[in-house]
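J.: Just so you know, my numbering puts 186 at position 196 of the sequence shown, and the rest follows in order with no gaps.
Here a beta-carbon is modelled for each residue, glycine too, at the ideal position from N, C-alpha and C.
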Amino acid sequence: MLGVVGAGTMGAGIAQLGAAAGMRTLLHDPVPEALEHGAESVRRGLAKWAEKGRVGEDAVKLLEPVSSLDELAPCDLVIEAAPERPELKRDLFGALSMVCGDDAVLATNTSSIPVTSLAGAAARPENVVGMHFFNPPPLMPLLEVIRAEQSSDRVVQVAVDVGAAMGKDVIVAADGPGFLVNRCGRPFSAEGLRLLQERAATHEQIDRICRLGGGFRMGPFELMDLVGIDVGFEVAKSFTELSFGEPRWRPSPIQARMVSAGRLGRKSGRGYYDYVEGTPYRPDDPEPPEPGGGEGTTVSILGDGPLADGLRERARSAGFELREGGPTELVVDAGPRPHPSPPGGAPLLVLCAATSLVARGEQGAVGFHLLPPLEDVGLVELTRLPVTQRFAAEAAEEFFSKVGFLTEWVEDAPGLVLGRIVCQLVNEAAFAIGEGVGSPDDIDTGLTLGLSHPRGPVAWSEAIGLDHVLAVLDGLWEERREERYRAAPLLRRSAALGRGLRD
Ligand SMILES: NC(=O)c1ccc[n+]([C@@H]2O[C@H](COP(=O)([O-])OP(=O)(O)OC[C@H]3O[C@@H](n4cnc5c(N)ncnc54)[C@H](O)[C@@H]3O)[C@@H](O)[C@H]2O)c1
-9 MLGVVGAGTM
1 GAGIAQLGAA
11 AGMRTLLHDP
21 VPEALEHGAE
31 SVRRGLAKWA
41 EKGRVGEDAV
51 KLLEPVSSLD
61 ELAPCDLVIE
71 AAPERPELKR
81 DLFGALSMVC
91 GDDAVLATNT
101 SSIPVTSLAG
111 AAARPENVVG
121 MHFFNPPPLM
131 PLLEVIRAEQ
141 SSDRVVQVAV
151 DVGAAMGKDV
161 IVAADGPGFL
171 VNRCGRPFSA
181 EGLRLLQERA
191 ATHEQIDRIC
201 RLGGGFRMGP
211 FELMDLVGID
221 VGFEVAKSFT
231 ELSFGEPRWR
241 PSPIQARMVS
251 AGRLGRKSGR
261 GYYDYVEGTP
271 YRPDDPEPPE
281 PGGGEGTTVS
291 ILGDGPLADG
301 LRERARSAGF
311 ELREGGPTEL
321 VVDAGPRPHP
331 SPPGGAPLLV
341 LCAATSLVAR
351 GEQGAVGFHL
361 LPPLEDVGLV
371 ELTRLPVTQR
381 FAAEAAEEFF
391 SKVGFLTEWV
401 EDAPGLVLGR
411 IVCQLVNEAA
421 FAIGEGVGSP
431 DDIDTGLTLG
441 LSHPRGPVAW
451 SEAIGLDHVL
461 AVLDGLWEER
471 REERYRAAPL
481 LRRSAALGRG
491 LRD
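Laid out in structure tokens, this is it:
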């Protein structure tokens, strides 16, 4: 028998999943209107599923709203989805341990409070586990089970089995700031904010680059507007507090400023974007140009690795004549580390991975950055210096347009915009794997199913190559000496051994 405490957005959704999985489900909320409203939402949800044939007409009979906590006594598992207030939740875990049987599993749906601290408030801490559902629970395919310091193997297994019976893909995470999904997803907004702070690009550009260059459904700023800038700021502060000041997780002064100004995102009508009824907050994305028109132009694409290989393929199919040696009309250095002596005499386009364009020192070159796999990529980032001549910039725009990319000019840095964001996602995943927070497969499942990323950071590291990821991180470290860009030990070790993060 399942008990659910708190009949709000999450509790009602979890109760719907329980009844749909055939469990007798007791739903409790101390606020009578909230209980009635929650129970009604479960009934509506089950009726919809019954219409679609996903559950029997009888599933709704498994739901029983209860007005007192004591009535949860016979439950084998209780999932708490009360408001996100540590003291309230600690009191609830104390009370539930008194009410429920010795073997009852007590789970919390908290998104940010350490499960270990809630377990400490229960009479039998080994029976406490985290079950982090995503909003809305009936639709989101992921469940993140969190193992507190005290959780027994049995309760973790119960949480995993119940999640699977509810039809979820279940991942298991160690307790810690943001658990697995929110921790590994943090660089998306954190590095986005850093880029904006440096004025490397505007927030519209950063979002567009993430969508068209990286295949993300939304960029970091539209996402932060959707979640609520105040909510994101609180999460960032809690990460810093729980980690005693880890530099990668520090909140951004931009968040503080936005909150002070009352620009909280969609809910306040204004965040990074303006939200006006009936008007889209941003224009639709343009289609990338059709590849073609390279006939009669010779180009030399230097470098090893998946990006250089992908570019050669795109250039060839756009009609360019690829040459390995001799004079060409264009030279593209696309390896993660600078080519020692790229041929002179033609416009030079260089990948800004291991260094920024300015640190590389080739006067007149144009910098670019792209992340493989190139099949779904529709945009390339370009950067130039004050000394870069117009003909070189135009040659870069023309070449990338002919191979089928839109172009976006941004400020100079190793990795430019997307490279910094994605390499930090890979880096965070490598820290998390190294620290035993979760398995590589679970991290990829968590970020694709929980945050709708186009691919997980581990899969991304395999597509890009660890050498490229390390080049960007080390380039940022070399040029800035900021601890937030230090590479995870596992990343360096895996690259040195020629292995992947999964090995
Ligand atoms: N909303 C989300 O996107 C989301 C996602 C994942 C996890 N969570 C977590 O789920 C939990 C619930 O969030 P929500 O969005 O459903 O909140 P909510 O405000 O919609 O619902 C909370 C419910 O708890 C009830 N409540 C108040 N005091 C209570 C008490 N002492 N005992 C039991 N119930 C009490 C309230 O009446 C309300 O119905 C929080 O811990 C939150 O962090 C939320």
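Secondary structure at A453, three-state DSSP: helix, strand or coil?
T.: On the sequence shown, position 463 is the one that residue 453 refers to. Of the three classes helix, strand and coil, the one that applies to A453 here is helix, per DSSP.
J.: Alpha carbon to alpha carbon, what distance is there between P237 and P243?
T.: If you number the sequence shown from 1, residue 243 lands on position 253. If you number the sequence shown from 1, residue 237 lands on position 247. About 14 Å.
J.: Threshold first: 3 residues or longer. Then list the beta strand (DSSP E) segments lying entirely within the region 323 to 382, N to C.
T.: 338 to 341, 356 to 359, 369 to 373
J.: Measuring CB atoms only, is the region 139 to 157 touching the region 102 to 122, in the sense that at least three cross pairs come out at less than 8 Å?
T.: yes
J.: If you run the structure through DSSP and keep just helix, strand and coil, what is V393?
T.: The count along the sequence shown starts at 1 and reaches residue 393 at position 403. Note: V393 maps to coil in three-state DSSP.
J.: Is the separation between the beta-carbon of V162 and that of V135 shorter than 7 Å?
T.: Residue numbering aside, residue 162 sits at position 172 when the sequence shown is read from its first letter. Residue numbering aside, residue 135 sits at position 145 when the sequence shown is read from its first letter. Cβ distance < 7 Å, so V162 and V135 count as in contact.
J.: For G1 and G168, I'd like the C-alpha separation in whole angstroms.
T.: Along the sequence shown, one-based indexing puts residue 1 at 11. Along the sequence shown, one-based indexing puts residue 168 at 178. Roughly 20 Å between the two C-alpha positions.
J.: On the DSSP bridge list, what partners appear for A164?
T.: Taking the first residue of the sequence shown as position 1, residue 164 is located at position 174. DSSP, once it has assigned bridges, lists R137 as partnering A164.
J.: What is the rounded straight-line gap between the Cα of P73 and the Cα of F389?
T.: To locate residue 73, count along the sequence shown from 1; it is residue 83. To locate residue 389, count along the sequence shown from 1; it is residue 399. When rounded, the distance between both Cα atoms is 55 Å.
J.: Going by beta-carbon coordinates alone, are V160 and L133 separated by less than 7 Å?
T.: Position 170 of the sequence shown, counted from the start, is the residue given in the question as residue 160. Position 143 of the sequence shown, counted from the start, is the residue given in the question as residue 133. For V160 and L133, yes; Cβs fall inside 7 Å.
J.: Assuming R173 and G166 are in contact, meaning their beta carbons sit under 8 Å apart, how far apart are those beta carbons, in whole angstroms?
T.: To locate residue 173, count along the sequence shown from 1; it is residue 183. To locate residue 166, count along the sequence shown from 1; it is residue 176. Right, the Cβ-Cβ distance comes to about 7 Å (below 8 Å), so this counts as a contact.
J.: Relative to the C-alpha of C90, which residue among T98, R75, E61 is closest?
T.: Residue 90 sits at position 100 when you count from the first residue of the sequence shown. Proximity to C90 across T98, R75, E61 peaks at E61, based on C-alpha coordinates.
J.: Closest to E365 by C-alpha separation, out of G424, G204, G426, would be which residue?
T.: Indexing the sequence shown from 1 puts residue 365 at position 375. Checking every option, the nearest Cα to that of E365 belongs to G204.
J.: Is it the case that the region 418 to 433 contacts the region 366 to 384, given that we only count it when at least three CB pairs across the two stretches are under 8 Å?
T.: no
J.: Determine the closest residue to A112 out of R137, N99, G84, with distance taken between C-alpha atoms.
T.: Translated into the one-based positions of the sequence shown, residue 112 becomes position 122. Checking every option, the nearest Cα to that of A112 belongs to G84.
J.: Using the three-state DSSP reduction, which class does H443 fall into: helix, strand or coil?
T.: Numbered from 1 along the sequence shown, position 453 holds the residue referred to as residue 443. Here H443 sits in coil by DSSP.
J.: Near P210, which residues of its chain fall below 6 Å by C-beta distance, leaving aside the five closest residues on each side in sequence?
T.: Here residue 210 refers to the residue found at position 220 of the sequence shown. Counting only Cβ-Cβ distances below 6 Å, and skipping sequence neighbours, we find F178, S179, G182.
J.: Starting from E398, follow its DSSP beta bridges and name the residues at the other end.
T.: Within the sequence shown, residue 398 is the residue found at index 408, counting from 1. According to DSSP, which records beta bridges pairwise, E398 is partnered with E371.
J.: Roughly how many whole angstroms lie between the Cα atoms of A9 and P104?
T.: In the sequence shown, residue 9 corresponds to position 19, counting from 1. In the sequence shown, residue 104 corresponds to position 114, counting from 1. Cα to Cα, the separation comes out at about 28 Å.
J.: When DSSP builds the beta bridges, which residues end up paired with T269?
T.: To locate residue 269, count along the sequence shown from 1; it is residue 279. According to DSSP, which records beta bridges pairwise, T269 is partnered with V266.
J.: Helix or strand or just coil, what does DSSP make of V321?
T.: In the sequence shown, residue 321 corresponds to position 331, counting from 1. Annotated three-state conformation of V321 is strand, per DSSP.
J.: Give the C-beta separation of F310 and G284 to the nearest angstrom, bearing in mind that I take them to be a contact with Cβ-Cβ under 8 Å.
T.: Taking the first residue of the sequence shown as position 1, residue 310 is located at position 320. Taking the first residue of the sequence shown as position 1, residue 284 is located at position 294. Contact holds; Cβ gap of about 3 Å.
J.: So does the region 285 to 292 actually touch the region 325 to 339, counting three or more Cβ pairs closer than 8 Å?
T.: yes
J.: Under 7 Å Cβ to Cβ from L254, same chain only, skipping five residues before and after it: list those, please.
T.: Indexing the sequence shown from 1 puts residue 254 at position 264. Excluding sequence positions up to five before and after L254, its CB lies within less than 7 Å of the CB of G218, I219, D220, G261, all in the same chain and listed in chain order.
J.: Please go through the region 46 to 107 and give each complete beta strand (DSSP E) segment of 3 or more residues, from N-terminal end onward.
T.: 53 to 56, 67 to 70, 95 to 98
J.: Taking all protein chains shown into account, decide if A191 is buried (16 or more other Cβ within 10 angstroms of its Cβ) or exposed.
T.: As a first step, residue 191 must be located in the sequence shown, where it is residue number 201. A191 comes out buried.
J.: Any heavy atom of ligand 1 within a distance shorter than 6 Å of the CB on E74?
T.: Sequence index remark: in the sequence shown, residue 74 carries index 84 (1-based). Within the cutoff, so yes.
J.: Can you give the Cα-Cα distance for G394 and S250, rounded to whole angstroms?
T.: Numbered from its first residue, the sequence shown carries residue 394 at position 404. Numbered from its first residue, the sequence shown carries residue 250 at position 260. C-alpha separation (whole angstroms): 43 Å.
J.: Have a look at W39 and V462 and give me their C-alpha separation to the nearest angstrom.
T.: If you number the sequence shown from 1, residue 39 lands on position 49. If you number the sequence shown from 1, residue 462 lands on position 472. C-alpha separation (whole angstroms): 48 Å.
J.: Assess contact between the region 305 to 321 and the region 474 to 482, defined as three or more Cβ pairs (one per stretch) separated by less than 8 Å. Is contact present?
T.: no
J.: On the three-state DSSP scale, how would you describe E311?
T.: Numbered from its first residue, the sequence shown carries residue 311 at position 321. Strand.
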